[in-house]
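First up is the structure itself, then whatever we jot down about it.
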Ligand code: SF4
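What follows is the structure, encoded as structure tokens:
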């Protein structure tokens with residue numbers, strides 16, 4: 006693993022996650038190395054062109070200072086998501102505690118008023134049980150939602166396609182612990198992978214464990230297309246995946262199944 010400390014130019018940026026306005030990414034790159042990761046396009050926007058996604062992490066060492074500086078000029082009155090193109094709780098966070106510092110700064114900030122009057126929302130997306138280390142801080146936010154990202158409940162398949170993330174069972178345990186601590190939590194099925202994701206099994210595993218759910222279809226923009234096609238060909242022996250992904254009727258059926266299951270299990274979709 007190629008690990009570097011960097012000085013970033015900014016820490017709060019416009020978010021590309023549908024339900025949020027701004028994003029904070031404490032790292033560039035992600036040790037979890039998911040084979041379908043849409044954030045792998047970040048290799049092109051960093052100094053890691055031609056490096057394999059999952060083989061490098063840049064630690065934004067100055068992230069806490071950048072955030073403190075940002076908060077001297079802005080009020081927090083928007084929806085911020087932590088971890089839109091990285092996992093803020095990937096293993097290196099255990100040592101660096103950058104994400105923990107970010108949460109501490111958000112809690113202590115003089116714009117605390119906006120934290121209290123509900124105009125500020127915070128979401129965190131993760132696939133790592135390390136998030137539970139910060140339960141003491143998470144419990145102090147008023148308007149917080151944790152999205153645990155799950156694509157499959159199959160432990161063997163997960164080991165292949167999300168090799169260094171917490172296992173699906175561990176992620177389901179994160180949800181139970183968050184619930185026990187009265188922290189709003191849901192699941193992000195991002196992405197739904199044809200022939201791999203099974204909504205029926207997922208919803209059954211998640212029954213009574215979550216407050217909301219969100220699902221997105223696989224993203225094949227840019228180079229991601231080649232990574233995803235390789236994943237299907239090399240590990241699942243599926244060669245015709247592109248025609249499935251390009252079939253509108255297939256996605257209409259997927260959406261209908263998702264909506265029906267949300268209704269059946271009484272889980273709101275966002
Ligand atoms: S955990 Fe998220 S950001 Fe990290 S590799 Fe997997 S999908 Fe990408």
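Numbering (the working numbering), first residue to last: 6 to 275.
Positions of the beta carbon are idealized from the N, C-alpha and C atoms, including for glycine.
Note that the structure is a prediction, hence the values are computed from the model and not measured.
Helix, strand or coil: how does DSSP classify residue i here?
i           : result
residue 79  : coil
residue 190 : strand
residue 150 : strand
residue 98  : helix
residue 285 : Only positions 6 to 275 of the chain appear in the structure, and residue 285 is not among them; the question remains open.
residue 259 : helix
residue 229 : helix
residue 63  : strand
residue 210 : helix
residue 109 : helix
residue 45  : helix
residue 267 : helix
residue 74  : helix
residue 55  : coil
residue 217 : strand
residue 200 : coil
residue 222 : strand
residue 8   : strand
residue 16  : coil
residue 40  : coil
residue 87  : strand
residue 22  : coil
residue 103 : helix
For residue i, is the beta carbon positioned less than 7 angstroms from some heavy atom of the ligand SF4?
i           : result
residue 59  : yes
residue 74  : no
residue 26  : no
residue 235 : no
residue 91  : yes
residue 38  : yes
residue 184 : no
residue 51  : no
residue 171 : no
residue 154 : yes
residue 44  : yes
residue 35  : yes
residue 268 : no
residue 167 : yes
residue 132 : yes
Can the beta-carbon of residue i be found less than 8 angstroms from the beta-carbon of residue j?
i           : j           : result
residue 198 : residue 156 : yes
residue 90  : residue 8   : no
residue 275 : residue 219 : yes
residue 264 : residue 45  : no
residue 109 : residue 142 : yes
residue 196 : residue 107 : no
residue 190 : residue 153 : yes
residue 151 : residue 86  : no
residue 162 : residue 188 : no
residue 178 : residue 125 : no
residue 270 : residue 212 : yes
residue 112 : residue 158 : no
residue 29  : residue 66  : no
residue 132 : residue 37  : yes
residue 146 : residue 84  : no
residue 193 : residue 215 : no
residue 43  : residue 236 : no
residue 217 : residue 273 : yes
residue 51  : residue 6   : no
Got a sec: is the Cβ-Cβ distance from residue i to anything in chain B below 8 angstroms?
i           : result
residue 268 : Protein chains in the displayed structure number just one, and chain B is not present.
With hydrogens ignored, establish whether the beta-carbon of residue i is closer than 7 angstroms to any heavy atom of the ligand GTP.
i           : result
residue 220 : Absence of the ligand GTP from the depicted structure is noted, with the ligand SF4 being the only ligands included.
Quick one: complete beta strand (DSSP E) runs, 3+ long, within the stretch 128 to 186? Those beta strand (DSSP E) runs which fall completely within the stretch 128 to 186 and span 3+ residues are 149 to 154.
On the three-pair Cβ rule with 8 angstroms, is the stretch 180 to 193 touching the stretch 232 to 241? Cβ pair count under 8 angstroms is below three, so no.
Between the stretch 78 to 98 and the stretch 129 to 139, are three or more C-beta pairs nearer than 8 angstroms? Output reads yes: the stretch 129 to 139 touches the stretch 78 to 98.
Report yes or no: do three or more beta-carbon pairs, one from the stretch 69 to 88 and one from the stretch 7 to 26, lie closer than 8 angstroms? Contact between the stretch 69 to 88 and the stretch 7 to 26 is established, with three or more Cβ pairs separated by less than 8 angstroms.
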